[in-house]
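K.L.:
In this note's numbering, the protein residues as written are 212 to 456. Note that beta-carbon positions come from the ideal geometry of N, C-alpha and C, so glycine has one too. Quantities reported herein were computed from a predicted structural model and do not represent experimental measurements. There's a structure below that I have some questions on.
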């Protein structure tokens, strides 16, 4: 089956994309980088998104536009390392702290950072959360939508860490937050004002969500960040860029 997305023909035929990946030795070109897709966690659909250049398009466009080479970066929800590879291509001296809750994605993440990053980095298998020392993480069928949620099929117990604890441990006093954690961003906005006070820019995909019995919309989270002294610079779809005023 073929679908037309963003004016380009994108193949969701598993055999087609598997053949393409095989011919390219499981290394797909993506925005001037090379992404290793050999890990079993990378589904045929994700391979198609990568091959046709539409994987996490809005988020990547905004990171390319707003991230400076010397910025220190914390990425939450780093998945298979595609965004980390983009960040690594931009950075010259900045630190990069990668945080991914799903242990099944770590090998793919490491492979892609090994290909695309020239300087040191930190990869943490943890979830940012403020409710307990460990939390149940619900995996997804692909690498795109796993989340902190005790309900559903395949789950794993993951150690938690606060955003401020990451800042303290790695001596980050002025950093950029890149975040796509499927609704768990609300816990940071509500609970970690100290860490956010050290954050110069936020590039974040927002999701309607529920936290401690209360529902929050994307607009609610925009308003909460604006109350914490962040200006909304740009929004593409559900991805927003904020700068501390």
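Just checking, does the region 295-304 make contact with the region 395-405 on the three C-beta pairs under 8 Å criterion?
P.N.:
Too few Cβ pairs lie closer than 8 Å, so no.
K.L.:
Look up residue 385 in the DSSP assignment and say whether it is helix, strand or coil.
P.N.:
In the three-state DSSP reduction, residue 385 falls in the coil class, being neither helix nor strand.
K.L.:
Residue 322: buried (16+ other C-beta within 10 angstroms of its C-beta) or exposed?
P.N.:
buried
K.L.:
Unbroken beta strand (DSSP E) runs of length 3 or more, entirely within the region 281-346: which are they?
P.N.:
283-287, 307-310 and 333-335
K.L.:
Count the other CB atoms, across all protein chains shown, that sit within 10 Å of the CB of residue 234; report buried if there are 16 or more and exposed otherwise.
P.N.:
exposed
K.L.:
Where residue 365 and residue 308 are concerned, what is the direct C-alpha to C-alpha distance, given to the nearest angstrom?
P.N.:
26 Å
K.L.:
So the beta strand (DSSP E) residue 239 belongs to, where does it begin and stop?
P.N.:
238-241
K.L.:
Do the CB positions of residue 284 and residue 386 come within less than 9 Å of each other?
P.N.:
yes
K.L.:
Does residue 320 pass the burial test, meaning 16 or more other C-beta atoms within 10 Å, or should it be called exposed?
P.N.:
Label assigned to residue 320: buried.
K.L.:
Do residue 248 and residue 286 have their C-beta atoms closer together than 9 Å?
P.N.:
no
K.L.:
If you run the structure through DSSP and keep just helix, strand and coil, what is residue 367?
P.N.:
strand
K.L.:
Which residues mark the beginning and the end of the alpha helix (DSSP H) in which residue 380 is found?
P.N.:
Note, residue 380: alpha helix (DSSP H), 374-380.
K.L.:
For residue 375, I'd like the list of residues in its chain whose CB is within less than 6 Å of its CB, leaving aside the five on either flank, ordered along the chain.
P.N.:
403, 405 and 406.
K.L.:
Taking 9 Å as the threshold (C-beta atoms), are residue 334 and residue 324 in contact?
P.N.:
Against a cut-off of 9 Å, the Cβ pair of residue 334 and residue 324 comes out as a contact.
K.L.:
Looking at the structure shown, is residue 262 part of a helix, part of a strand, or coil, going by DSSP?
P.N.:
helix
K.L.:
Note down, in chain order, each residue of its chain lying with its Cβ closer than 7 Å to the Cβ of residue 217, except the 5 sequence neighbours on either side.
P.N.:
Low local confidence applies: a pLDDT of 41 at residue 217 is under 50, so the model's placement there is unreliable, with the coordinate-based value given in what follows. Excluding residues within five positions, the ones whose Cβ falls inside 7 Å are 265.
K.L.:
Under 7 Å Cβ to Cβ from residue 453, same chain only, skipping five residues before and after it: list those, please.
P.N.:
412, 413, 436, 441, 442, 443 and 444
K.L.:
Can you check DSSP and say which residues form a bridge with residue 446?
P.N.:
451
K.L.:
Cα separation between residue 246 and residue 291?
P.N.:
9 Å
K.L.:
Identify the continuous beta strand (DSSP E) that holds residue 425 and give its terminal residues.
P.N.:
425-427
K.L.:
In terms of DSSP beta bridges, what is residue 413 paired with?
P.N.:
388 and 453
K.L.:
Apart from the five residues on each side of it in sequence, which residues of its chain come closer than 6 Å, Cβ to Cβ, to residue 367?
P.N.:
348
K.L.:
Can you tell me where the beta strand (DSSP E) holding residue 245 begins and where it ends?
P.N.:
244-247
K.L.:
Do you know how far the Cα of residue 394 is from the Cα of residue 382?
P.N.:
27 Å
K.L.:
With distances taken between CB atoms, is the gap from residue 391 to residue 318 smaller than 9 Å?
P.N.:
no
K.L.:
In the structure shown, what three-state DSSP assignment does residue 441 receive?
P.N.:
strand
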